[in-house]
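Engineer: Below: one structure in structure tokens.
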Amino acid sequence: MVYHHTEDIQKALLPYRKKNRSIGLVPTMGALHQGHLELIAQSQVENAITVVTIFVNPTQFDNAGDLKKYPRSLSKDVAMIETVPGNFIVFNPSPEHLYEGNVSSKSYDFGGLETEMEGTHRTGHFDGVGTVLNLFFRALKPTRAYFGEKDFQQLQIVKKLVEIEALPVEIVGCSIVRETSGLAMSSRNKRLNEAQLEKATLLHKTLVGASEQFETHSIEAIKKWAVAQFEKNPDVRLEYFEIAETNTLKTASEKKKNTSYRAFLAAFVGPVRLIDNMALN
Ligand code: AMP
Numbered sequence: 054m055v056y057h058h059t060e061d062i063q064k065a066l067l068p069y070r071k072k073n074r075s076i077g078l079v080p081t082m083g084a085l086h087q088g089h090l091e092l093i094a095q096s097q098v099e100n101a102i103t104v105v106t107i108f109v110n111p112t113q114f115d116n117a118g119d120l121k122k123y124p125r126s127l128s129k130d131v132a133m134i135e136t137v138p139g140n141f142i143v144f145n146p147s148p149e150h151l152y153e154g155n156v157s158s159k160s161y162d163f164g165g166l167e168t169e170m171e172g173t174h175r176t177g178h179f180d181g182v183g184t185v186l187n188l189f190f191r192a193l194k195p196t197r198a199y200f201g202e203k204d205f206q207q208l209q210i211v212k213k214l215v216e217i218e219a220l221p222v223e224i225v226g227c228s229i230v231r232e233t234s235g236l237a238m239s240s241r242n243k244r245l246n247e248a249q250l251e252k253a254t255l256l257h258k259t260l261v262g263a264s265e266q267f268e269t270h271s272i273e274a275i276k277k278w279a280v281a282q283f284e285k286n287p288d289v290r291l292e293y294f295e296i297a298e299t300n301t302l303k304t305a306s307e308k309k310k311n312t313s314y315r316a317f318l319a320a321f322v323g324p325v326r327l328i329d330n331m332a333l334n
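Position in the sequence shown (from 1) plus 53 gives the number in the numbering used here.
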């Protein structure tokens, strides 16, 4: 069942709330793939009902062309969710309805998580993410909400958001789902042709190489090596490669003891911007 209005989906959830049964939330922008389905499957196992939001959120796009070209396929998406065993409903509001006529972002201070990596390259992106999730959390009051490590910086920011907004929801992080080539699944992959999909595997290959070198090489050396991989492959344009502390996301130039690190990158294949990340230790 697909709901387009907040009042209608709230009515549908009322019986669950009255009986104190758990509600899982999986926020997505649609154009679903196996990565989304894994989040939905985990929510189905852990909750009485799962709400999948399918909403291409205008306020988190810093590029009008990217927003316009973002793939949309609602009925196909619903058919895909139906293949996952369990009880679900879909929320697909219009921007005007969800934002009550004022499609704009609140301004958030996420304690510095928002100024690293994606934050420096996509102005206003995390304000948009925080604003839309705050609206969903308040409208749907889920028990748990599921997010992929594919967007690791987003996952950390969502944990901070629920702290700032004092929202009673448990945030669950889920591992990255990849193609057999290693390429992280993404709705944006649908915009790539066969040859570009092959070229895009450079993102994952570089992360694997970085993790293999992490114990034996300096961060400086690994970063240099990573940049060189992209210089050898001009069809994939690196925007950034960073090694950052897992918890604070502060980008690092030296390794500290007892600290967990991840590598993060963003790169363009043709006009399509892809991101990926991997634990290093
Ligand atoms: P999106 O529709 O791209 O906004 O993604 C919706 C949710 O699915 C986010 O929490 C993403 O992190 C998650 N997600 C997207 N791709 C993957 C993937 N390949 N593996 C795991 N989670 C993913």
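Ideal Cβ positions, reconstructed from N, Cα and C, are used throughout, including at glycine.
If we call anything under 9 angstroms between Cβ atoms a contact, is TYR199 one with PHE179?
Structural biologist: Going by C-beta atoms, TYR199 is not nearer than 9 angstroms to PHE179.
Engineer: Flag this pair as yes or no: are the beta carbons of LEU245 and VAL322 separated by less than 9 angstroms?
Structural biologist: Cβ atoms of LEU245 and VAL322: closer than 9 angstroms.
Engineer: ILE224: beta carbon under 8 angstroms from a heavy atom of the ligand AMP?
Structural biologist: For the ligand AMP, not one heavy atom lies less than 8 angstroms from the Cβ of ILE224.
Engineer: Can you tell me which of SER147, GLY172, LYS212 puts its alpha carbon nearest to the alpha carbon of VAL55?
Structural biologist: Among SER147, GLY172, LYS212, the Cα nearest to that of VAL55 belongs to SER147.
Engineer: Taking contact to mean 3 or more Cβ pairs, one atom from each stretch, closer than 8 angstroms, check whether the segment 299 to 306 and the segment 161 to 170 are in contact.
Structural biologist: They touch, by the three-pair rule.
Engineer: Check whether the Cβ atoms of ILE76 and ASN110 sit closer than 9 angstroms, and answer yes or no.
Structural biologist: For ILE76 and ASN110, no; Cβs fall outside 9 angstroms.
Engineer: VAL143: buried (16+ other C-beta within 10 angstroms of its C-beta) or exposed?
Structural biologist: Label assigned to VAL143: buried.
Engineer: From this set, GLY183, ILE93, PHE141, GLY172, which residue's C-alpha is nearest ILE217's C-alpha?
Structural biologist: Among GLY183, ILE93, PHE141, GLY172, the Cα nearest to that of ILE217 is on GLY183.
Engineer: Look at LEU327 and ASN286 and say whether their C-beta atoms are less than 9 angstroms apart.
Structural biologist: Result no, Cβ atoms of LEU327 and ASN286 do not sit closer than 9 angstroms.
Engineer: Quick one: does the C-beta of PRO80 sit closer than 8 angstroms to a heavy atom of the ligand AMP?
Structural biologist: Because some heavy atom of the ligand AMP lies under 8 angstroms away, the Cβ of PRO80 counts as near it: yes.
Engineer: Short check: CB of TYR293 to CB of LEU333, under 9 angstroms?
Structural biologist: Taking 9 angstroms as the Cβ cut-off, TYR293 and LEU333 do not qualify as a contacting pair.
Engineer: Please confirm whether any heavy atom of the ligand AMP lies closer than 8 angstroms to the CB of GLN95.
Structural biologist: Every heavy atom of the ligand AMP is 8 angstroms or more from the Cβ of GLN95, so no.
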